[in-house]
Amino acid sequence: MTRLTGGGRPDTNRLLDEAGGVRAMTWVMAIMVFLTVLAAALGLGTASAGRLLDRQLAGRLTVQVVEGEAARRDAAAARVLSVLKEMPEVARATPVDRAELTRLLRPWLGSDAADAGLPVPAMIDVDLATDDEAAAARVVAGVTATSRAARVDRHARWMSPVSGLMRSVTWLALGVVLLMAGATAAVVVLAARAGLEAHRATIEVMHMLGSTDLQVARLFQRRIALDTGIGGIVGTIVAVGVIALIGGQLTALGSELIGGITLGAADWILLAILPMGFVALAMAAARLAVTRALRRTL
23 MTRLTGGGRP DTNRLLDEAG GVRAMTWVMA IMVFLTVLAA ALGLGTASAG
73 RLLDRQLAGR LTVQVVEGEA ARRDAAAARV LSVLKEMPEV ARATPVDRAE
123 LTRLLRPWLG SDAADAGLPV PAMIDVDLAT DDEAAAARVV AGVTATSRAA
173 RVDRHARWMS PVSGLMRSVT WLALGVVLLM AGATAAVVVL AARAGLEAHR
223 ATIEVMHMLG STDLQVARLF QRRIALDTGI GGIVGTIVAV GVIALIGGQL
273 TALGSELIGG ITLGAADWIL LAILPMGFVA LAMAAARLAV TRALRRTL
């Protein structure tokens, strides 16, 4: 009789197929890939937002001149502004308009925010020429030496908990992707072993006809690759739809921080490659599981 080849003809490819309809493995893989793509998109989006936040906050300071008397406050703010503009470490120093401060305070103070007698600090936005720590320290020292009423807030410092949270979410998403990859490999191993038990008699006949363990493993490998590929395509399409829907909602919020959770071209390419990685992982796991099981039992 003709010995089975590694490539296999269409009739040999169907020897180890399960009977009837769509295999459950396809739906399992669709769910696994769907969850993995969502987790990967979350991680990539938060990483992008974290990098954007770091770029926006790096080298940015806010100077507050806290003085109860308006005349003294304005004079101190003018001195501080003059010193800042003369410092080589400062790229830009801009006083915040009082009308803008009034607008920002209105949600908390109501109509009293426009009261001229309200002791509102004078504020100056500062952009440093570099994000060097030493340069920022020199600016802080120069401002405090100019006026005791001046306070310097470093944006990167008071927003560091947010940056830390984004990094934690990114690492968590990466952990979820790795866990899903491990779970996928485990599911494939269990499915391959179950297939071996279900088709034990067929495999024994194939061995008597001259088939090797590697050739039998390739049949399982091909079948699982097909299931994983179909499931991966379905899961990816659904996941991309969900990502697009949520992305549109985040953009509509109008928040600069949340709106920064976006995916670039490289991120979309990585998400598109992810299902192919799952197919390769499933094929490798199936091949390894089947060859080991055949060596032990057949």
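Per this note's numbering, residue 23 is the first one in the sequence shown, and the count goes up by one each step. We put the beta carbon where it would ideally sit given N, CA and C, even for glycine. Quick caveat, the model's predicted, so the values are computed rather than measured.
Taking the alpha-carbon of residue i as reference, which of the options has the nearest alpha-carbon?
i    : options                : result
A157 : G257, E111, D289, V50  : E111
R170 : D153, P141, E89, M230  : E89
D289 : T313, W49, A46, V59    : V59
M298 : P129, R173, G251, L64  : G251
V165 : L241, G72, L106, A307  : L106
V85  : E108, V161, A63        : V161
D249 : D153, A302, R317       : A302
L194 : V50, A62, T48, W49     : A62
M305 : R244, G269, A46, L127  : R244
A266 : A239, V256, T284       : T284
L83  : G65, H177, S104        : H177
T48  : G67, E108, T258        : T258
R314 : V264, A163, F300, L218 : L218
Kindly identify the DSSP beta-bridge partner or partners of residue i.
i    : result
I255 : The partner list for I255 (beta bridge, DSSP) is empty, contrary to what the question assumes.
I283 : Paired residues: none, contrary to the question.
P117 : I146
D154 : Paired residue(s): none; D154 is not in a bridge.
R86  : Per the sequence shown, the amino acid found at residue 86 is Gln instead of Arg. Answer is M145, R173.
V112 : L150
Tell me, to the nearest whole angstrom, how far the beta carbon of residue i is from that of residue j; I am working on the premise that it is less than 8 Å.
i    : j    : result
A213 : I246 : 7 Å
L75  : S185 : 6 Å
R309 : A239 : 5 Å
Does the beta-carbon of residue i have 16 or more other beta-carbons within 10 angstroms, so that it is buried, or is it exposed?
i    : result
G254 : buried
S70  : buried
L26  : Interpretation of L26 is limited by its pLDDT of 42, a score under 50 that renders its predicted location unreliable; the figure taken from the coordinates is listed afterwards. So L26 ends up on the buried side.
A167 : exposed
T24  : For T24, the predicted model reports a pLDDT of 38, less than 50, meaning its position is unreliable; a value from the coordinates is still stated below. So T24 ends up on the exposed side.
M230 : exposed
D154 : exposed
G72  : buried
L200 : exposed
- prompt: Taking three-plus beta-carbon pairs below 8 Å as touching, is the stretch 290-299 in contact with the stretch 83-102?
  reply: Result no; under three Cβ-Cβ pairs closer than 8 Å.
field: Stretch pair the stretch 184-195 + the stretch 103-121: three plus CB contacts closer than 8 Å
entry: Not touching, per the Cβ criterion.
message: Using 8 Å as the cut-off, can you tell me whether the stretch 202-211 makes contact with the stretch 50-67, which would need three or more C-beta pairs spanning the two stretches below that distance?
response: Result yes; three or more Cβ-Cβ pairs closer than 8 Å.
message: Below 8 Å, how does it come out for the stretch 141-155 and the stretch 102-116: are there three or more Cβ pairs, yes or no?
response: These segments touch.
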